[in-house]
Each structure stands twice: as structure tokens, then as C-alpha cells.
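*Asks:* Structure in C-alpha cells, see below.
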Amino acid sequence: MRVFRPSESPDGFTRVPNSLFQMNLPPSLERVWIRLASLDRGDYTLAYESVDGISKAVGLSRSGLFRAMKELSDLGFLSKKNGDIHLFLPEAPVAKK
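This note's numbering applies: residue 1 is where the sequence shown begins, and numbers increase by one.
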């Protein structure tokens with residue numbers, strides 16, 4: 001299982017698109033999106049055998065990561081394809097509650 005973000009940058013830092021901050025995500029989901037994006041290292045991206053490995057890599061509990069991934073998926077910020085996680089930035093911001 002690998003994680004892919006919208007723009008590829010093999011640098012030693014994570015580039016966060018400014019538009020992410022305009023999407024009205026709750027801070028906890030925004031942080032999870034950024035932490036997941038940090039796992040994409042271009043040609044040097046590690047493959048994780050399970051969500052457990054990813055949860056350890058981003059410093060979240062397994063259940064917390066599952067919950068956040070489901071919410072991000074429901075909002076259109078994440079999808080799982082062929083065992084990989086793909087991050088997205090939807091066209092429209094999340095409606096405020």
C-alpha cells in the first residue's frame with residue numbers, strides 16, 4: 001500500500017497546496033491529509049503492507065486513521081485504488097456546519 005498526493009515532489013519536505021487551507025476541512029482532517037501526503041516521496045516512496053504501517057508512520061492510532069480516512073474519502077479528498085491511497089483536492093470547499 002502506497003500513498004500518492006496530487007503533485008509529485010521528491011524533496012525532503014512536504015509541499016502543501018495552498019488550496020488545501022481554503023477547503024474548510026476540520027483541523028484534524030487537514031493534519032491527517034498533510035501527514036499522509038508526507039509519505040509520498042516520489043521514486044523513494046515506501047510501500048506499507050497495511051494501514052497499521054501507515055498509522056505508525058503518521059503517528060496516529062489505527063482506528064483514528066481509519067476514521068479520518070473514511071471522512072476524507074466521503075468528502076472527496078482521498079480514494080483507495082488497487083491497494084494504494086490517492087489524495088485529492090476537490091473543486092469546492094467543504095460546506096461549513
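Here a beta-carbon is modelled for each residue, glycine too, at the ideal position from N, C-alpha and C. Source: prediction; values computed, not measured.
Report the three-state DSSP secondary structure of Ser50 (helix, strand or coil).
*Replies:* The answer is coil: DSSP assigns Ser50 none of H, G, I, E or B.
*Asks:* Can you check DSSP and say which residues form a bridge with Ile34?
*Replies:* Paired residue(s): none; Ile34 is not in a bridge.
*Asks:* From Leu29 to Arg2, what does the alpha carbon distance come to, in whole angstroms?
*Replies:* For Leu29 and Arg2, the distance between alpha carbons rounds to 19 angstroms.
*Asks:* Are Val51 and Arg62 close, meaning C-beta to C-beta below 8 angstroms?
*Replies:* Closer than 8 angstroms, so yes.
*Asks:* From Asp40, Arg35, Lys56, Glu49, pick the residue whose C-alpha is nearest to that of Gly83; which is it?
*Replies:* Of the candidates Asp40, Arg35, Lys56, Glu49, the one whose C-alpha sits nearest the C-alpha of Gly83 is Glu49.
*Asks:* Nearest-angstrom Cα distance between Asp40 and Leu46?
*Replies:* Answer to the nearest angstrom: the Cα atoms are 8 angstroms apart.
*Asks:* Label Phe77 either buried or exposed according to how many other C-beta atoms from any shown protein chain fall within 10 Å of its C-beta, with 16 as the threshold for buried.
*Replies:* Flag for Phe77 reads buried.
*Asks:* Measure the alpha-carbon distance for Met23 versus Leu65 and round it to whole angstroms.
*Replies:* Spanning the two alpha carbons is a distance of roughly 20 angstroms.
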